[in-house]
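If you count by the working numbering, then the sequence shown holds residues 8 to 405, one letter each, in order. Reading through the structure tokens given below for one structure.
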Amino acid sequence: MAYYRRLGDVPPKRHTQHRDDSGRLYYEELMGEEGFSSDSSLLYHRGIPSAISGSTVWELPDQTTEPNHPLRPRHLKLHELFPQESWSQTDIVTGRRLLLGNADVRISYVVARQTSPLYRNALGDEVVYVESGAARVETVFGALEARPGDYVVIPTSTTHRWIPRGDEPVRAYAIESSSHIAPPKRYLSRYGQLLENAPYCERDLHGPSEVLLADGTDIEVLVKHRTSRGIVGTRMVYPRHPFDVVGWDGCLYPYTFNIDDFEPITGRVHQPPPVHQTFEGNGFVVCNFVPRKVDYHPLAVPVPYYHSNVDSDEVMFYCGGNYEARKGSGIGLGSVSVHPGGHAHGPQPGSMERSLGLESVEETAVMVDTFAPLELGEGALACEDPNYAWSWLGKAVG
Numbered sequence: 008m009a010y011y012r013r014l015g016d017v018p019p020k021r022h023t024q025h026r027d028d029s030g031r032l033y034y035e036e037l038m039g040e041e042g043f044s045s046d047s048s049l050l051y052h053r054g055i056p057s058a059i060s061g062s063t064v065w066e067l068p069d070q071t072t073e074p075n076h077p078l079r080p081r082h083l084k085l086h087e088l089f090p091q092e093s094w095s096q097t098d099i100v101t102g103r104r105l106l107l108g109n110a111d112v113r114i115s116y117v118v119a120r121q122t123s124p125l126y127r128n129a130l131g132d133e134v135v136y137v138e139s140g141a142a143r144v145e146t147v148f149g150a151l152e153a154r155p156g157d158y159v160v161i162p163t164s165t166t167h168r169w170i171p172r173g174d175e176p177v178r179a180y181a182i183e184s185s186s187h188i189a190p191p192k193r194y195l196s197r198y199g200q201l202l203e204n205a206p207y208c209e210r211d212l213h214g215p216s217e218v219l220l221a222d223g224t225d226i227e228v229l230v231k232h233r234t235s236r237g238i239v240g241t242r243m244v245y246p247r248h249p250f251d252v253v254g255w256d257g258c259l260y261p262y263t264f265n266i267d268d269f270e271p272i273t274g275r276v277h278q279p280p281p282v283h284q285t286f287e288g289n290g291f292v293v294c295n296f297v298p299r300k301v302d303y304h305p306l307a308v309p310v311p312y313y314h315s316n317v318d319s320d321e322v323m324f325y326c327g328g329n330y331e332a333r334k335g336s337g338i339g340l341g342s343v344s345v346h347p348g349g350h351a352h353g354p355q356p357g358s359m360e361r362s363l364g365l366e367s368v369e370e371t372a373v374m375v376d377t378f379a380p381l382e383l384g385e386g387a388l389a390c391e392d393p394n395y396a397w398s399w400l401g402k403a404v405g
């Protein structure tokens, strides 16, 4: 995000001496994307950020996937994945269950009450959508407060942890990229400002408001990274707490964006999904569907037309309101539909007729479109509705 922020104590000029009150130098760290050629921030540590005292294997949760073969649309019931008795033993990092994945992106779900370990994803950026509950997300840049409807955008290799708040567990839908995640290029000026035609602006993005200065020794950080054998995990031990940053500035940092701050684009006839786009990464996009006025042509059909995703898989997470186009399919709150490339999909039987004359819809959903086929993780296989593929017949078929 090319939007400059500055927090805490930083020197007047970069790459120059910066000392504490006793005269000791702080340790400057550049966190930058694409080598030295894209967005970056400079962080000033009290200790040496490279110093580690231990490194052992972290056994990741099951990351295996299997192809969507034979090809068919899928319905996943996420609210069946985590029974209530598991919430107090689960955290938002290690408790994620993999739903879908390919080389570009992995989608997981978790319901948790536990504070997570310190964690760093060295594969790519993460966008975690908070379906319900609230959490404090502590990071090396400072803390974020996450509430229902927030996207929490965490740049790759940012050390952080999740601390649920209140009595309600946090339900989180995690989109983990193998690249960087940013606003669509068409929303941005050549210098990186969000344009007037964008459905949100910088005022809607909320970064840390103060630095964290935590103390401690022998601090463990879980690191997710890649080897020639695939995605693996490592437990690194640091002699002092990574949250020792006295100040930082730059254009790379975590932030939140709430789905209620997305201003929908509407038209006289049904608008295509790109008008709902929020973020993009290599090989995928993230879109919002929010409460909005619908098409106002006198002969408009407000629900989507049938469409074939010839170049992509479409994944829709239904997280608020009601879904006129999906009535009769079994889909409801907490559902995920997976409509793969090679299969035409659209509204359920009767939805087109029922939608005529509709003036608005009350629905909230997060959509991920990928440009390579998605495979099914163990979480998807554990909560699939086996009847969904046949729901366009107008009746459930076993």
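Glycine is no exception: its CB is placed at the ideal position from the N, C-alpha and C atoms.
query: Under 8 angstroms, do residue 142 and residue 172 count as touching if we go by C-beta distance?
result: yes
- prompt: In or out: residue 24 buried (at least 16 other Cβ within 10 Å) or exposed?
  reply: exposed
query: Taking the continuous beta strand (DSSP E) assigned at residue 344, which residues delimit it?
result: For residue 344, the enclosing beta strand (DSSP E) stretches over residues 342-346.
field: Option in 202, 250, 236 with minimal Cα separation from residue 125
entry: 250
- request: Please look up how many angstroms separate the CB atoms of residue 40 and residue 29, rounded, as I've assumed it's under 8 angstroms.
  value: In fact, because the Cβ distance is near 34 angstroms, the residues do not count as touching under 8 angstroms.
query: Which residues in the same chain have their Cβ closer than 6 angstroms to the Cβ of residue 405, if we skip the five residues on either side of it in sequence?
result: In this prediction, residue 405 scores a pLDDT of 36, lower than 50, which makes its location untrustworthy; the coordinate-derived value is nonetheless stated afterwards. So the list is empty, once near-sequence residues are dropped.
task: Measure the CB-CB distance between residue 332 and residue 310 and report whether it falls below 8 angstroms.
output: yes
- request: Figure out for me which residue from 140, 65, 60, 83 has the closest Cα to the Cα of residue 225.
  value: 60
- prompt: From which residue to which residue does the beta strand (DSSP E) around residue 383 run?
  reply: Its beta strand (DSSP E) spans residues 382-384.
query: In terms of alpha-carbon separation, which member of 319, 337, 314 lies closest to residue 325?
result: Comparing Cα-Cα distances from residue 325 to each of 319, 337, 314, the minimum goes to 337.
Nearest candidate by alpha-carbon position, reference residue 131, set 339, 186, 169, 79: 186
query: Counting Cβ pairs, one atom from each stretch, are 3 or more of them under 8 angstroms apart for the region 296-304 and the region 343-351?
result: These segments do not touch.
- prompt: What's the C-alpha gap between residue 248 and residue 50?
  reply: 14 angstroms
- request: Can you tell me which of the three DSSP states residue 132 falls into?
  value: coil
task: Taking 8 angstroms as the cut-off, decide whether the C-beta atoms of residue 101 and residue 384 are in contact.
output: no
message: Suppose you measure from the CA of residue 165 to the CA of residue 400; what does that come to, to the nearest Å?
response: 48 angstroms
- prompt: Taking C-alpha atoms, which residue in 391, 213, 275, 77 lies nearest to residue 150?
  reply: 213
- request: Please name the residue in 340, 262, 390 whose C-alpha comes closest to that of residue 369.
  value: 340
message: I'd like to check one pair, residue 362 with residue 308: are the Cβ atoms closer than 8 angstroms?
response: yes
message: Check for me: the alpha helix (DSSP H) holding residue 361 runs from which residue to which?
response: For residue 361, the enclosing alpha helix (DSSP H) covers residues 358-362.
query: If you check the beta carbons only, do residue 134 and residue 155 fall under 8 angstroms apart?
result: no
- request: State the DSSP-derived secondary structure class of residue 138, mapped to helix, strand or coil.
  value: strand
query: Unbroken beta strand (DSSP E) runs of length 3 or more, entirely within the region 77-117: which are they?
result: 81-84, 104-108
message: For the beta strand (DSSP E) containing residue 51, name the first residue and the last one.
response: 47-52
task: Return helix, strand or coil for residue 193, following the three-state DSSP convention.
output: helix
- prompt: Looking at the structure shown, is residue 66 part of a helix, part of a strand, or coil, going by DSSP?
  reply: coil
query: How big is the Cα-Cα spacing for residue 257 and residue 13?
result: Their backbone Cα atoms lie some 7 angstroms apart in a straight line.
message: Which same chain residues end up closer than 7 angstroms to residue 254 when comparing Cβ atoms and leaving out the 5 residues on each side of it in sequence?
response: 14, 15, 16, 17, 51, 218
- prompt: Do residue 191 and residue 70 have their C-beta atoms within less than 8 angstroms of each other?
  reply: No, the Cβ-Cβ distance between residue 191 and residue 70 is not below 8 angstroms.
query: Quick one, which of 45, 55, 139 has its alpha-carbon nearest residue 33's?
result: 55
query: Would residue 198 be called buried (16 or more neighbouring beta carbons within 10 Å of its own) or exposed?
result: Taking all protein chains shown into account, residue 198 has fewer than 16 neighbouring C-beta atoms within 10 Å of its C-beta and is therefore exposed.
task: Following the continuous beta strand (DSSP E) through residue 36, name the residue where it begins and the one where it ends.
output: Boundaries of the beta strand (DSSP E) harbouring residue 36: 34-39, taken from the DSSP string.
- request: Mind reading off the beta-carbon distance from residue 184 to residue 288? Whole number of angstroms is fine, and I expect it under 8 angstroms.
  value: 4 angstroms
task: Give the DSSP-derived three-state secondary structure of residue 279 in the structure shown.
output: coil
message: Is it buried or exposed, residue 113, if we count other Cβ atoms within 10 angstroms and call 16 or more buried?
response: buried
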